[in-house]
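In order, the protein sequences belong to chains A, B and C. Just add 1 to wherever you are in the first sequence, counting from 1, and you've got the working numbering. Just add 1 to wherever you are in the second sequence, counting from 1, and you've got the working numbering. Just add 1 to wherever you are in the third sequence, counting from 1, and you've got the working numbering.
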Amino acid sequence: MATKAVPAQPARRLEGYIYNTWYLAGWRSDLDTKLSSVRILDESIVVFRTEGGQWVALEDLCPHKLAPLSLGDRIGDCLRCRYHGLKFAGDGRCVEIPGQSVVSAAVRVRTYPIVEKHGGIWIWMGASERSDESEVPDIIGEGDSGWRLHSASIDVNGSAQLLWDNLLDLSHIPFVHFNTLVAGDQAAAAAVLAGEVNKDSIVHDRGITVERWHSHQRRPAQVGDDRPLDEHIVTDFFAPGVLAIRFQTYDAGICDKYPSGEIPDEKRLLSSFACQVVTPVTETTCKIFYNVGSWDKSPPDPTLGVANDKAIVEDKQIIEAQQGAMRANPGRKPMMLSMDQNVVRFKAIMRRLTAQEADFAAVAD
Amino acid sequence: MATKAVPAQPARRLEGYIYNTWYLAGWRSDLDTKLSSVRILDESIVVFRTEGGQWVALEDLCPHKLAPLSLGDRIGDCLRCRYHGLKFAGDGRCVEIPGQSVVSAAVRVRTYPIVEKHGGIWIWMGASERSDESEVPDIIGEGDSGWRLHSASIDVNGSAQLLWDNLLDLSHIPFVHFNTLVAGDQAAAAAVLAGEVNKDSIVHDRGITVERWHSHQRRPAQVGDDRPLDEHIVTDFFAPGVLAIRFQTYDAGICDKYPSGEIPDEKRLLSSFACQVVTPVTETTCKIFYNVGSWDKSPPDPTLGVANDKAIVEDKQIIEAQQGAMRANPGRKPMMLSMDQNVVRFKAIMRRLTAQEADFAAVAD
Amino acid sequence: MATKAVPAQPARRLEGYIYNTWYLAGWRSDLDTKLSSVRILDESIVVFRTEGGQWVALEDLCPHKLAPLSLGDRIGDCLRCRYHGLKFAGDGRCVEIPGQSVVSAAVRVRTYPIVEKHGGIWIWMGASERSDESEVPDIIGEGDSGWRLHSASIDVNGSAQLLWDNLLDLSHIPFVHFNTLVAGDQAAAAAVLAGEVNKDSIVHDRGITVERWHSHQRRPAQVGDDRPLDEHIVTDFFAPGVLAIRFQTYDAGICDKYPSGEIPDEKRLLSSFACQVVTPVTETTCKIFYNVGSWDKSPPDPTLGVANDKAIVEDKQIIEAQQGAMRANPGRKPMMLSMDQNVVRFKAIMRRLTAQEADFAAVAD
Numbered sequence: 002m003a004t005k006a007v008p009a010q011p012a013r014r015l016e017g018y019i020y021n022t023w024y025l026a027g028w029r030s031d032l033d034t035k036l037s038s039v040r041i042l043d044e045s046i047v048v049f050r051t052e053g054g055q056w057v058a059l060e061d062l063c064p065h066k067l068a069p070l071s072l073g074d075r076i077g078d079c080l081r082c083r084y085h086g087l088k089f090a091g092d093g094r095c096v097e098i099p100g101q102s103v104v105s106a107a108v109r110v111r112t113y114p115i116v117e118k119h120g121g122i123w124i125w126m127g128a129s130e131r132s133d134e135s136e137v138p139d140i141i142g143e144g145d146s147g148w149r150l151h152s153a154s155i156d157v158n159g160s161a162q163l164l165w166d167n168l169l170d171l172s173h174i175p176f177v178h179f180n181t182l183v184a185g186d187q188a189a190a191a192a193v194l195a196g197e198v199n200k201d202s203i204v205h206d207r208g209i210t211v212e213r214w215h216s217h218q219r220r221p222a223q224v225g226d227d228r229p230l231d232e233h234i235v236t237d238f239f240a241p242g243v244l245a246i247r248f249q250t251y252d253a254g255i256c257d258k259y260p261s262g263e264i265p266d267e268k269r270l271l272s273s274f275a276c277q278v279v280t281p282v283t284e285t286t287c288k289i290f291y292n293v294g295s296w297d298k299s300p301p302d303p304t305l306g307v308a309n310d311k312a313i314v315e316d317k318q319i320i321e322a323q324q325g326a327m328r329a330n331p332g333r334k335p336m337m338l339s340m341d342q343n344v345v346r347f348k349a350i351m352r353r354l355t356a357q358e359a360d361f362a363a364v365a366d
Numbered sequence: 002m003a004t005k006a007v008p009a010q011p012a013r014r015l016e017g018y019i020y021n022t023w024y025l026a027g028w029r030s031d032l033d034t035k036l037s038s039v040r041i042l043d044e045s046i047v048v049f050r051t052e053g054g055q056w057v058a059l060e061d062l063c064p065h066k067l068a069p070l071s072l073g074d075r076i077g078d079c080l081r082c083r084y085h086g087l088k089f090a091g092d093g094r095c096v097e098i099p100g101q102s103v104v105s106a107a108v109r110v111r112t113y114p115i116v117e118k119h120g121g122i123w124i125w126m127g128a129s130e131r132s133d134e135s136e137v138p139d140i141i142g143e144g145d146s147g148w149r150l151h152s153a154s155i156d157v158n159g160s161a162q163l164l165w166d167n168l169l170d171l172s173h174i175p176f177v178h179f180n181t182l183v184a185g186d187q188a189a190a191a192a193v194l195a196g197e198v199n200k201d202s203i204v205h206d207r208g209i210t211v212e213r214w215h216s217h218q219r220r221p222a223q224v225g226d227d228r229p230l231d232e233h234i235v236t237d238f239f240a241p242g243v244l245a246i247r248f249q250t251y252d253a254g255i256c257d258k259y260p261s262g263e264i265p266d267e268k269r270l271l272s273s274f275a276c277q278v279v280t281p282v283t284e285t286t287c288k289i290f291y292n293v294g295s296w297d298k299s300p301p302d303p304t305l306g307v308a309n310d311k312a313i314v315e316d317k318q319i320i321e322a323q324q325g326a327m328r329a330n331p332g333r334k335p336m337m338l339s340m341d342q343n344v345v346r347f348k349a350i351m352r353r354l355t356a357q358e359a360d361f362a363a364v365a366d
Numbered sequence: 002m003a004t005k006a007v008p009a010q011p012a013r014r015l016e017g018y019i020y021n022t023w024y025l026a027g028w029r030s031d032l033d034t035k036l037s038s039v040r041i042l043d044e045s046i047v048v049f050r051t052e053g054g055q056w057v058a059l060e061d062l063c064p065h066k067l068a069p070l071s072l073g074d075r076i077g078d079c080l081r082c083r084y085h086g087l088k089f090a091g092d093g094r095c096v097e098i099p100g101q102s103v104v105s106a107a108v109r110v111r112t113y114p115i116v117e118k119h120g121g122i123w124i125w126m127g128a129s130e131r132s133d134e135s136e137v138p139d140i141i142g143e144g145d146s147g148w149r150l151h152s153a154s155i156d157v158n159g160s161a162q163l164l165w166d167n168l169l170d171l172s173h174i175p176f177v178h179f180n181t182l183v184a185g186d187q188a189a190a191a192a193v194l195a196g197e198v199n200k201d202s203i204v205h206d207r208g209i210t211v212e213r214w215h216s217h218q219r220r221p222a223q224v225g226d227d228r229p230l231d232e233h234i235v236t237d238f239f240a241p242g243v244l245a246i247r248f249q250t251y252d253a254g255i256c257d258k259y260p261s262g263e264i265p266d267e268k269r270l271l272s273s274f275a276c277q278v279v280t281p282v283t284e285t286t287c288k289i290f291y292n293v294g295s296w297d298k299s300p301p302d303p304t305l306g307v308a309n310d311k312a313i314v315e316d317k318q319i320i321e322a323q324q325g326a327m328r329a330n331p332g333r334k335p336m337m338l339s340m341d342q343n344v345v346r347f348k349a350i351m352r353r354l355t356a357q358e359a360d361f362a363a364v365a366d
């Protein structure tokens, strides 16, 4: 009987996204107990671990009758389709068809490179031969030595691109997160806004970095007294949609004492980290994976995780309302203002990266 | 950074509707405590009152990132967007952009003329310069001197146009409202039908009026005894979708005593009013705002409001079933019968009015 | 006023289905107490019995305003529309329009041939003049003499065509129904699979028949002891989507004693029947009507009905997942394997039958 070769490329590429990159499929704790079906860039992928413990990611679609493979069962290192029992190995090859002695090599499913790193399971959505583990986004996650983190995720009924804009312009914090991240404090709100407006951005090949000092912060719950502190914050946002924020806290005045910026480790009082990793699910939905936590030597800030959870929900609400309004007003385009400098810069980066991929895809076809 | 002028006209006009007219956004009691978002002719509008008490209607869409303004907060006489804090005055101008000292005049939202009258808040959906308060539909509403009314509204998952047909041909009453408006009474049903069939309609520029007498009615609960009464009923239906019914009740025989129709006020025993105002929400959904009540000097009929509420639900059910059947049978067209005389007449009126608007819009573009 | 002739043919034919055939609208117990609305091949049909007990099937759409007639009331042998009271006779003619003395013959609704047989109500979806009661699918149903059956139905959010493939290739049983039909028994699963793989199919004009023996079965609950039995199974699948399975059970060895196949009736220990009748509802949804039961002289197998109910739900789940995956991957086509011999044969039959109908329809237009 006739068979059909498995497609090396997805049938339909979502516009504005890059494929030759790692996307977070889930924190390890979300995925490791069973077969899971995840959706990334509108492609359904079944994720499982072989008996030997290796991660496997296959297109979640049996080539026979197009039933989802994620309904099936793991049998040793293979996956068996629930419908007619076709068995697939981790390399995508069909190794058994019930009632048929010969299995054509054409019966196979697409595989995706998959790797576990920083407490997350990452899937490469582009050409397998281009995948490179060293390109997994540089975040801190559960299991990274010396860190304790709280990881979670949330589904958003809005596009990943709307989230990018959100994360690239933190001047929304005093408005969207007034009751959470700035705790209803008008002075704090003004300070955040002033910091955002006066920020200096460094534009990299795949993203944007902002470095700043917040001086005269107080963290009595963590450092044990009310002395003023200087906080150094590095905010990175980079393709395909990762926000990573590193906080270092010192006694007030440290900044002036080390104008060159090379502050000795032992001067550091607290060290914490937060990230949001946005995975596009469909054209108009996404998932935010996020974590927040501190270096083992830093006493944890118990309020940080709670405020962060609430703030993520606030972002979700505004993004979903925005997506709804855009759907209802298909002709309307957003407007760029001064606060959107980094939004504009990142759009340019993404245009360049997607154009490079389109060139590659044209050659591959 | 580049900005974009606010559109004076909606991106997409719904076919078969007029725009240069007042639509009921809500009874005053529905709207006056907070920011409200209403949808009329597929346009989302945020409605609020300034500190000074003035009604303001703005397009419910921040021109910056297209977040709904109705998520924001009223600040004095202005509205502040929840997302990045842009502040808009009641005239649609942006008066503040956080972190930006100069605000371009191009940053603005569309405003809609809005007026409070007859207990309702009315919005003009067409060109502002054409709006005229004297054109607010002539109904009786809460707050109109001497009247006590019960006002309500209901969402209908069917087009306003299907409601127009419903309200223009009251011969549906004996069938749709047999258990409510005619209280299961076969003779009453036959009388309603006979009245509908033999009605004389007066066609106006924007609607149709039917005047009739129902003789030998009895209203013991209201007039205190069982004597026969003559009821004079004037039913108006006019663009953009308002049914207004005025009832006057006299002792039986009054009609013959005053053949010219000028009956002195003191002869009137009861006086009541009911209306249904249909506001198109989207192409296939609408909202019916309705009220029913009586003039202060008339003892109220306690059963009238209840039957009316139930009857509106009966109309909603039939209209939603009809809309569903039309959706499932896209090629099928309704048929016009004798009972549809006023339906046909009103369609002709609407064709003339929408053609006039199309001419105007063509000039304005 | 203008009227419009009733269409003799549906506005839109669903591709891949035949129309000149009987579809099961419901088991008699589903339909006989009131007006019912059923949907077959994306057409809504109102089904009722006249005062005289005759079944009537009309298009569920009043030609006046396109309200569903199934909202109305049966009046004697007629159906009255709930909206404006038009009354239709069983032949589709409108016999009364309130307020109108003359009723044009053009005011009518489409009728469908309808017949009750084998405990089901069957509707002919094609040209009335071609309908033939003798073509009602040959199943055994409630009321058929000598049989006791359990009948039920289930809605499936997947196309009838996906169900056909399912029913034509029973090698899915060991996988989809491992815990129900094969009761978790690996040996039984292997036997089913071996039987499927080695089956001999007889291809008819409108379907496919498979005959086989399962030897050395045991049915202590039914025959009273544990002796080995030979079971003869005839599986028919035929257009427009009916699976009928007839089981005859004998003492082991009977097959060898009667090589010609003419086994005397008195040798039969058990006789049972099961069917699944798939009615296409829309392009991507269907309804499975099914029954299972035994001939009066056979002691019933109490577990059979329960396992069958569960197995139908398992099929529903796999079909709905398959339909969802196909919707999400519009470009992907299924693949044919050895096990799909009958799937391929039946597709050829359906292609021939639908092509014949297209020729007919072209002539009729």
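Backbone N, C-alpha and C define an ideal beta-carbon position, used for all residues, glycine too.
Practice prompt. Give the interface partners of A:E197 over in chain B, defined as CB-CB distance under 7 Å, in chain order.
Written response: G100
Practice prompt. Taking the CB atoms as reference points, tell me whether A:W165 and A:Y24 lie closer together than 8 Å.
Written response: no
Worksheet item: So, are the CB atoms of A:S339 and B:G86 less than 8 Å apart?
Response: Result no, Cβ atoms of A:S339 and B:G86 do not sit closer than 8 Å.
Item to complete: Identify the continuous beta strand (DSSP E) that holds B:I46 and give its terminal residues.
Response: 44-50
Worksheet entry | Same chain only: Cβ atoms within 7 Å of C:D308, ignoring 5 sequence neighbours per side | Sequence check: residue 308 of chain C is Ala here, not Asp. Correct list, in chain order: T181, L182.
Worksheet entry | Where the beta strand (DSSP E) containing B:A191 begins and where it ends | Careful: B:A191 lies outside any beta strand (DSSP E), inside the alpha helix (DSSP H) at 187-198.
Item to complete: Could you spell out where the alpha helix (DSSP H) holding B:L169 opens and where it closes?
Response: In the DSSP assignment, B:L169 falls within the unbroken alpha helix (DSSP H) covering 161-169.
Discussion item. Quick check: is the beta carbon of A:L67 nearer than 8 Å to any beta carbon in chain C?
Written reply: yes
Worksheet item: Based on Cα-Cα distance, which residue from B:N199, B:R83, B:A58 lies nearest to A:I320?
Response: B:R83
Worksheet item: Among residues of its own chain, excluding the 5 on either side of A:V279, which ones have a beta-carbon nearer than 6 Å to its beta-carbon?
Response: Setting aside the 5 residues that flank it on each side, A:V279 is surrounded in the same chain by A161, L164, G242, C287, I289, each with a C-beta closer than 6 Å to its C-beta; the list follows chain order.
Worksheet entry | Residue of B:R94, B:D145, B:T112, B:Y113 minimising C-alpha distance to B:V104 | B:R94
Fill in: Alpha-carbon spacing of C:S261 relative to C:N199, whole angstroms
20 Å
Item to complete: Figure out for me which residue from B:I76, B:P114, B:P138, B:E284 has the closest Cα to the Cα of B:I246.
Response: B:P138
Worksheet item: What residues from chain B crowd round A:Q323, counting only those whose CB sits closer than 8 Å?
Response: Proximity of chain B to A:Q323 at the Cβ level (cut-off 8 Å) is accounted for by K66, L67, A68, P69, Y84, in chain order.
Worksheet item: Where does A:P241 fall in DSSP's three states?
Response: Of the three classes helix, strand and coil, the one that applies to A:P241 here is coil, per DSSP.
Worksheet item: Who are the neighbours of C:I319 on chain A, taking C-beta pairs under 8 Å?
Response: A68, L72, R83, Y84
Worksheet item: How is the alpha helix (DSSP H) around C:C82 delimited, first residue to last?
Response: For C:C82, there is no enclosing alpha helix (DSSP H), as DSSP marks it with neither H nor E.
Practice prompt. Enumerate, from N- to C-terminal direction, the unbroken beta strand (DSSP E) stretches of 3 or more residues contained entirely within the region 269-316 of chain C.
Written response: 271-283, 286-296
Worksheet item: What three-state label does DSSP hand B:D31 in the structure shown?
Response: helix
Discussion item. Using 8 Å as the threshold, is the C-beta distance between A:L70 and C:R333 below it?
Written reply: no
Discussion item. Please tell me whether A:F248 and A:I209 are closer than 8 Å, where the distance is taken between their beta carbons.
Written reply: no
Worksheet item: If A:G147 sits next to A:D257, beta carbons under 8 Å apart, how far is it from one beta carbon to the other, in whole angstroms?
Response: Not quite, the Cβ-Cβ distance comes to about 29 Å (not below 8 Å), so this is no contact.
Fill in: Buried versus exposed, by CB contacts within 10 Å (16 or more), A:I203
exposed
Worksheet item: On the three-state DSSP scale, how would you describe B:G208?
Response: B:G208 falls in the strand class under three-state DSSP.
Discussion item. At a CB distance below 7 Å, what residues from the region 30-56 of chain C approach chain B? Give them in sequence order.
Written reply: S45
Worksheet entry | Cα-Cα separation between A:V211 and A:H205, rounded to whole angstroms | 11 Å
Worksheet item: With burial defined as no fewer than 16 other Cβ atoms inside 10 Å of the residue's Cβ, what is the status of C:V314: buried or exposed?
Response: Exposed is the call here.
Practice prompt. Give the straight-line distance between the Cα atoms of C:L59 and C:R111, rounded to the nearest whole angstrom.
Written response: C-alpha separation (whole angstroms): 6 Å.
Fill in: Amino acids of chain C, ordered along the chain, whose beta-carbon sits closer than 8 Å to that of B:V177
Think of a sphere of 8 Å around the beta carbon of B:V177: the chain C residues whose beta carbon falls inside it are R83, Y84, in chain order.
Discussion item. For A:A356 and A:E44, what's the separation of their Cα atoms in angstroms?
Written reply: Annotation: A:A356 to A:E44 spans about 21 Å, alpha carbon to alpha carbon.
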